[in-house]
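Accompanying notes for the structure given below.
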Amino acid sequence: MRTDIGETEDEFRVKATVATGKLLQLLLKHHGDNGDNEENEDDDPPELQRSTVEAIQNAVAASYGVTRAEMLSERRNIKIIMPRHVAMYLCRELTPRSLPAIGRMFGRDHTSIHSANEKITRLITSDPVLAAKIETIRAGFEQ
15 MRTDIGETED
25 EFRVKATVAT
35 GKLLQLLLKH
45 HGDNGDNEEN
55 EDDDPPELQR
65 STVEAIQNAV
75 AASYGVTRAE
85 MLSERRNIKI
95 IMPRHVAMYL
105 CRELTPRSLP
115 AIGRMFGRDH
125 TSIHSANEKI
135 TRLITSDPVL
145 AAKIETIRAG
155 FEQ
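Counting from 15, one number per residue, gives the positions in the sequence shown under the working numbering.
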């Protein structure tokens with residue numbers, strides 16, 4: 015399907031995702047948390063370690079239009095599952111945290127984190143819109 019301006023729906027969704035990512039970057043910069051991650055984050059105090067995971071959770075929640083509380087809830091509908099899995103994937107990719115440590119931050123078992131990581135890794139290869147959305151969110155933390 016083409017939009018009024020002649021682009022396909024997928025092209026429009028990718029552009030919208032990029033715009034959302036730029037907005038997230040501005041929000042993170044404005045609130046003073048750019049998500050920078052030092053290589054030896056294990057040596058950082060637990061509060062700083064927690065804030066990095068929380069920043070990722072907040073960025074993903076905002077990108078998907080859900081709250082962090084919804085994402086961390088027990089709910090299992092797709093509106094909540096996809097952002098939860100994306101946040102778990104990004105926490106695994108962007109932090110040195112172990113699966114059990116990330117699991118604790120989500121109120122889940124380490125096997126849930128492993129499963130989400132495998133699922134999102136698989137989906138990225140077949141869904142360019144999802145891949146673009148994740149890359150946009152990731153870019154906000156790798157400045």
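Note that CB positions come from ideal geometry on N, CA and C, so glycine has one too.
Predicted model only: the values in this text are computed from it and were never measured.
- Short of 6 Å from the beta carbon of Arg-82, and not among the five residues preceding or following it, lie these beta carbons of its own chain, in chain order: Gln-71, Asn-72, Ala-75.
- Ile-127 and Leu-113 do touch by the CB rule: their CB atoms are close to 5 Å apart, below 8 Å.
- Remark: C-beta atoms of Ala-130 and Ile-138 do not approach each other more closely than 9 Å.
- Taking C-beta atoms under 8 Å as the contact rule, Leu-86 and Gly-121 qualify, at a distance of about 6 Å.
- In the three-state DSSP reduction, Thr-135 falls in the helix class (H, G or I).
- The Cβ-Cβ distance between Ile-94 and Val-80 falls below 9 Å.
- Only buried fits Thr-66, as 16 or more other CB atoms lie within 10 angstroms of its CB.
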